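Novice: Mapping of the sequence shown onto our numbering: position 108 corresponds to residue 157, and the numbering continues sequentially without gaps. Here a beta-carbon is modelled for each residue, glycine too, at the ideal position from N, C-alpha and C. Treat the numbers as computed from the prediction; the structure is a model and nothing was measured.
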Amino acid sequence: MSIFVTDIDDVLIDFVGSLSTFAEREYNISSSYSNHFSSDASLVWEVSDDRCTEIIDKYFSSKDFLSILPRVDALESIYTLKGMGSELYTLTSRHDEIRQQTNQWLSKYFPRIFTGNYFSSNIHTPRASGKTKAEVLEEIGANFFAEDVIEYALDASYVVDYVYMFIHPWNRNLGSLPGNIIEVNNWYQVIDHQRSIF
Ligand SMILES: [Mg+2]
50 MSIFVTDIDD VLIDFVGSLS TFAEREYNIS SSYSNHFSSD ASLVWEVSDD RCTEIIDKYF
110 SSKDFLSILP RVDALESIYT LKGMGSELYT LTSRHDEIRQ QTNQWLSKYF PRIFTGNYFS
170 SNIHTPRASG KTKAEVLEEI GANFFAEDVI EYALDASYVV DYVYMFIHPW NRNLGSLPGN
230 IIEVNNWYQV IDHQRSIF
């Protein structure tokens, strides 16, 4: 049985799209998924780090965040992977203070699908405690990992068989990557690759 681990934000859900809608509606910040050229929202919105943190914290307590729906391709494909015999886990670097909501959200939208939900440290903030993503993956003995942040994907490429790198406006043109990092636009391409190797 293979062990498949997935990130949550911008892999299972369209986090940046939802955050952009919220920022535009609540703060009049002109923002959209397609103009997020960086994973650092303060650069995209042209606001200070403190202001950016304030807006994102408000978003975390909003209905937009708490009731966000999974991506349709993710929902379908996670069930497909389960059916193919994978043992599934989530792994996210979300802040400590939203971990409980994260577990509740996962059990609501993916009931009894994941064997465990792991939380890691976050390269951008000390507000997420724990081991690095690569350390967690190694500990679980993960074979596959789905991620959208290149730093995590590169670290993970040393400890898993394949990393599925979800391409977004903030991580395009990555140049030459290790051979076991597969760039994908959606979950259907993940399933195609899985079928090609089993
Ligand atoms: Mg992510």
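Taking the beta strand (DSSP E) that phenylalanine 215 belongs to, which residues open and close that run?
Specialist: 211 to 215
Novice: Under a Cβ-count criterion, where at least 16 other Cβ atoms within 10 Å of its own Cβ denotes burial, should phenylalanine 163 be classed as buried or exposed?
Specialist: It counts as buried.
Novice: Enumerate in chain order the residues of its own chain whose CB-to-CB distance from phenylalanine 114 is below 6 Å, with the five nearest sequence positions on each side excluded.
Specialist: Excluding positions up to five away in sequence, the list reads Tyr108.
Novice: On the three-state DSSP scale, how would you describe leucine 61?
Specialist: Correct three-state label for leucine 61: coil.
Novice: In three-state terms, what does DSSP make of glutamate 187?
Specialist: helix
Novice: The alpha helix (DSSP H) with serine 114 in it runs from where to where?
Specialist: What sits at residue 114 in the sequence shown is phenylalanine, not serine. That run of the alpha helix (DSSP H) goes 112 to 115.
Novice: Starting from the C-beta of phenylalanine 64, find all residues in its chain whose C-beta is less than 7 Å away, skip the five residues before and the five after it, and write them out in chain order.
Specialist: Asp58
Novice: For threonine 139, is the classification buried or exposed, using 16 other Cβ atoms within 10 angstroms of its Cβ as the cut-off for buried?
Specialist: buried
Novice: Taking three-plus beta-carbon pairs below 8 Å as touching, is the region 79 to 94 in contact with the region 218 to 231?
Specialist: yes
Novice: Measure the C-alpha to C-alpha separation of proline 119 and asparagine 222 and round it to an integer number of angstroms.
Specialist: 26 Å
Novice: Put asparagine 234 into one of helix, strand or coil per three-state DSSP.
Specialist: Three-state result, asparagine 234: coil.
Novice: Could you pull the start and end residues of the beta strand (DSSP E) that threonine 151 belongs to?
Specialist: Note, threonine 151: premise wrong, no beta strand (DSSP E); alpha helix (DSSP H) at 148 to 158.
Novice: Under DSSP, the alpha helix (DSSP H) around valine 93 begins and ends at which residues?
Specialist: 90 to 94
Novice: Going by Cα to Cα distance, which pick from Leu92, Val198, Gln150, Lys112 is closest to glutamate 232?
Specialist: Nearest option by C-alpha distance: Val198.
Novice: Nearest to alanine 123 by CA position, among Ser111, Ser110, Leu137, is which residue?
Specialist: Considering only alpha carbons, the answer is Leu137.
Novice: Note the first and the last residue of the continuous alpha helix (DSSP H) segment covering valine 121.
Specialist: 121 to 132
Novice: Please list, following the chain, all residues that have a C-beta closer than 5 Å to any non-hydrogen atom of ligand 1.
Specialist: Asp56, Asp58, Asp59, Asp197
Novice: Using the Cα positions of tryptophan 193 and glutamine 150, report the straight-line distance between them to the nearest angstrom.
Specialist: With the sequence shown as reference, residue 193 is identified as phenylalanine, and tryptophan is not the correct amino acid for it. Looking at the backbone, the Cα of phenylalanine 193 and that of glutamine 150 are separated by about 25 Å.
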